[in-house]
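Student: So that we are looking at the same thing, I have put the structure below in structure tokens.
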Amino acid sequence: MELANNTDVGVDRELCEKDITMDSPGQFLCPSRRGPGSCLHALIDLLSATHNSLVREAQRLSHKEDSDYSVPVGAVSESQLAMCHPEKDLLPLVLAHCHYTLVKGQQTASDYDLQAIEKQLHRRFIAGKPRIQADTEKYLKRRHQDFSEVLKDVRSKIPQEPLKRSVCCSVRTVLRSFTDVCDAVDALETGLRFLGKTGGKPESLLLSYLQDSLKMRQQISSSVAKALADIRLGQCTATWQLLTCWRSELKLKKRQDPIPKLSKEYKEKLSADVEKELKEFLNVTDVELFTLELHEMLLLKTDITSEDRYHSIWDPLGIRGLLTPQGHTLTPPGFHLSVPASFHHLPN
5 MELANNTDVG
15 VDRELCEKDI
25 TMDSPGQFLC
35 PSRRGPGSCL
45 HALIDLLSAT
55 HNSLVREAQR
65 LSHKEDSDYS
75 VPVGAVSESQ
85 LAMCHPEKDL
95 LPLVLAHCHY
105 TLVKGQQTAS
115 DYDLQAIEKQ
125 LHRRFIAGKP
135 RIQADTEKYL
145 KRRHQDFSEV
155 LKDVRSKIPQ
165 EPLKRSVCCS
175 VRTVLRSFTD
185 VCDAVDALET
195 GLRFLGKTGG
205 KPESLLLSYL
215 QDSLKMRQQI
225 SSSVAKALAD
235 IRLGQCTATW
245 QLLTCWRSEL
255 KLKKRQDPIP
265 KLSKEYKEKL
275 SADVEKELKE
285 FLNVTDVELF
295 TLELHEMLLL
305 KTDITSEDRY
315 HSIWDPLGIR
325 GLLTPQGHTL
335 TPPGFHLSVP
345 ASFHHLPN
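Residue numbers (this note's numbering): 5 to 352.
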């Protein structure tokens, strides 16, 4: 309720008044500035500030204000927190320093040694604790930055396989509207972030994981559910490739830039010779699979502001970089790597 009553925090009061149960959506566990995740963001900041205020006061009283002992919020352990259970810890401590006086003809008088209680609280629960570096902004930014790390984590924990062409066609047929595709991508990316941390069984159904495990049934429309009905966790990264590529195609049809942060150097026109060699390369390659891999690279690894972005010029084996840096361990069937030596720039 403290969060709900604090207008400075900016969290929706209705969200703060909801009870979090095992049936609550998984979005409550993803820090964000808006929506269910904003509660977690505000709660982490509030608890960190409360902890730090106790630690600073304890350091002041013990004349240790110059201590720089601190830990990031993502690395803090339970033993480093200023924690005191009211019944198991606080009540026994208070009763241990309570003195009773019996006066004839009167009620029993009780007296508490507050100074001793304060010393014990400081010694047992606060002394030696680090300050918490509550930099939640980086966790918010992480949701929007290098998603290739999320895909890499998923691929390392769950063996992945490409989608069959019939499945790809079915997904495209069901998700005809741009809104449905965007909703499907959002739901899938939420699931991928969790799978990157927890892993899962490749044969498990993706839709069941999203609706039942992450409690996202209300966030998934009937059309999105129909499109994902037969997808397994072992195909979730291929599904992400398909959906994001399909989203970009729909953006092009709407005369929108699908990759607005793409550097101009990627759009340089190919020479006639290089274009000829590129066509020869595509003639012996699974073009659909190559397109998905290439689109993933363009979407995630070409941001001009990124330090580890891919460059538009590479060596003859550069196409292999479309697979291995992304966490792939095997070259998919039909994907040949006979790249022309003069193939340097991507086509416009």
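All residues carry an ideal CB built from backbone N, CA and C; glycine is no exception.
No experiment lies behind these values; they were computed from the predicted model shown.
1) Taking TYR73 as the reference, which of CYS34, ARG128, GLY132, ASP93 has the closest Cα?
2) Could you pull out every unbroken alpha helix (DSSP H) segment of at least 4 residues lying fully inside the segment 147 to 210, listed in chain order?
3) So LYS78 and LYS219 are supposed to be a Cβ contact under 8 Å. How far apart are they, rounded?
4) According to DSSP, which residues form a beta bridge with TYR116?
5) Under 8 Å, do LEU196 and TRP244 count as touching if we go by C-beta distance?
6) What separation, rounded to the nearest whole angstrom, lies between the Cα atoms of LYS258 and ARG236?
7) Who are the near neighbours of SER71 in its chain, counting only those whose CB is closer than 6 Å to its CB and skipping five residues on each side?
8) Compute the distance between the beta-carbons of ALA231 and LEU192, then report whether it is under 8 Å.
9) Just to confirm, are SER42 and ALA138 a CB contact at a threshold of 8 Å?
10) So, at 7 Å on beta carbons, what are the nonlocal neighbours of VAL158 in its own chain, with the 5 sequence-adjacent residues on each side left out?
11) For GLN137, which of helix, strand or coil comes out of DSSP?
12) First and last residue of the beta strand (DSSP E) that includes VAL75?
13) Indicate the three-state DSSP secondary structure (helix, strand or coil) for ARG236 in the structure shown.
14) Determine the closest residue to PRO35 out of ASP23, ASP49, LYS271, GLU300, with distance taken between C-alpha atoms.
15) Figure out for me which residue from LYS161, ILE121, ASP234 has the closest Cα to the Cα of VAL98.
16) When the Cα atoms are used, what is the spatial distance from ILE136 to LEU211?
17) Hey, could you find the ends of the alpha helix (DSSP H) ILE48 is sitting in?
18) Less than 8 Å separating the beta-carbons of CYS102 and LEU94?
19) Please check the pair THR248 and VAL189, which I expect to be a contact at CB under 8 Å, by giving their CB distance rounded to whole angstroms.
20) Can you look up ASP93 in the DSSP assignment and give me helix, strand or coil?
21) From SER267, ARG251, SER275, pick the residue whose C-alpha is nearest to that of LYS305; which is it?
22) Taking ARG17 as part of the alpha helix (DSSP H), name the residues at either end of that continuous run.
23) Report buried or exposed for GLN110, applying the criterion of at least 16 other Cβ atoms within 10 angstroms of its Cβ.
24) Using three-state DSSP, classify VAL278 as helix, strand or coil.
25) Report the three-state DSSP secondary structure of LYS219 (helix, strand or coil).
26) Three-state secondary structure (DSSP) at MET87?
27) Looking only at its own chain, which residues have a Cβ that is under 7 Å from the Cβ of ARG221, when we skip the five neighbours before and after it?
28) Closest to HIS55 by CA distance: which of CYS186, VAL75, PRO40, GLY39 is it?
Tutor: Put simply:
1) Start at 1 with the first residue of the sequence shown, and residue 73 comes out as number 69. It is GLY132.
2) 151 to 161, 169 to 178, 182 to 202
3) For this step, residue 78 is matched to residue 74 along the sequence shown. For this step, residue 219 is matched to residue 215 along the sequence shown. Checking the displayed sequence, the identity of residue 78 turns out to be Gly instead of Lys. At roughly 24 Å, the Cβ-Cβ gap does not stay under 8 Å, so GLY78 and LYS219 are not in contact.
4) Position 112 of the sequence shown, counting from 1, holds the residue named residue 116. Note: TYR116 sits in a beta bridge opposite CYS102.
5) Position 192 of the sequence shown, counted from the first residue, corresponds to residue 196. Position 240 of the sequence shown, counted from the first residue, corresponds to residue 244. In contact: LEU196 and TRP244 (Cβ atoms closer than 8 Å).
6) Numbered from its first residue, the sequence shown carries residue 258 at position 254. Numbered from its first residue, the sequence shown carries residue 236 at position 232. For LYS258 and ARG236, the distance between alpha carbons rounds to 31 Å.
7) Position 67 of the sequence shown, counting from 1, holds the residue named residue 71. Within the same chain, SER71 has close Cβ partners GLN63.
8) Within the sequence shown, numbered from 1, the residue matching residue 231 stands at position 227. Within the sequence shown, numbered from 1, the residue matching residue 192 stands at position 188. Cβ atoms of ALA231 and LEU192: not closer than 8 Å.
9) Translated into positions along the sequence shown, residue 42 becomes position 38. Translated into positions along the sequence shown, residue 138 becomes position 134. In this structure, ALA138 does not lie closer than 8 Å to SER42 by Cβ.
10) Locating residue 158 in the sequence shown gives position 154, counting from the first residue. Cβ neighbours of VAL158 beyond the five flanking positions: LEU196, LEU199, GLY200, CYS240, THR241.
11) Against the sequence shown, residue 137 aligns to sequence position 133. Here GLN137 sits in strand by DSSP.
12) As a first step, residue 75 is located in the sequence shown; it is residue number 71 there, counting from the start. Here the beta strand (DSSP E) through VAL75 covers 74 to 76.
13) Taking the sequence shown and counting its residues from 1, one reaches residue 236 at position 232. DSSP places ARG236 within a strand segment (E or B) once states are collapsed to three.
14) Start at 1 with the first residue of the sequence shown, and residue 35 comes out as number 31. The candidate whose alpha carbon is nearest that of PRO35 is ASP49.
15) In the sequence shown, counting from the first residue as 1, residue 98 sits at position 94. The residue with the shortest Cα to Cα distance from VAL98 is ILE121.
16) Counted from its first residue, the sequence shown places residue 136 at position 132. Counted from its first residue, the sequence shown places residue 211 at position 207. Cα-Cα distance, rounded: 38 Å.
17) The count along the sequence shown starts at 1 and reaches residue 48 at position 44. It spans 41 to 65 - the alpha helix (DSSP H) in which ILE48 sits, taken as one unbroken run.
18) Working through the sequence shown from its first residue, we reach residue 102 at position 98. Working through the sequence shown from its first residue, we reach residue 94 at position 90. For CYS102 and LEU94, no; Cβs fall outside 8 Å.
19) Residue 248 sits at position 244 when you count from the first residue of the sequence shown. Residue 189 sits at position 185 when you count from the first residue of the sequence shown. At roughly 6 Å, the Cβ-Cβ gap stays under 8 Å, so THR248 and VAL189 are in contact.
20) The residue labelled residue 93 in the question sits at position 89 within the sequence shown. ASP93 falls in the helix class under three-state DSSP.
21) Sequence index remark: in the sequence shown, residue 305 carries index 301 (1-based). The shortest C-alpha separation from LYS305 is found at SER267.
22) By 1-based counting over the sequence shown, the position of residue 17 is 13. Boundaries of the alpha helix (DSSP H) harbouring ARG17: 17 to 20, taken from the DSSP string.
23) Within the sequence shown, the letter at position 106 stands for residue 110. Exposed.
24) The residue given as residue 278 occupies position 274 in the sequence shown. If DSSP states are grouped into helix, strand and coil, VAL278 belongs with the helices.
25) Within the sequence shown, the letter at position 215 stands for residue 219. Three-state DSSP puts LYS219 in coil, outside helix and strand.
26) Mapped onto the sequence shown, residue 87 falls at position 83. Note: MET87 maps to coil in three-state DSSP.
27) Locating residue 221 in the sequence shown gives position 217, counting from the first residue. Cβ neighbours of ARG221 beyond the five flanking positions: GLN215.
28) Your numbering for residue 55 matches position 51 in the sequence shown. It is VAL75 whose Cα lies nearest to the Cα of HIS55.
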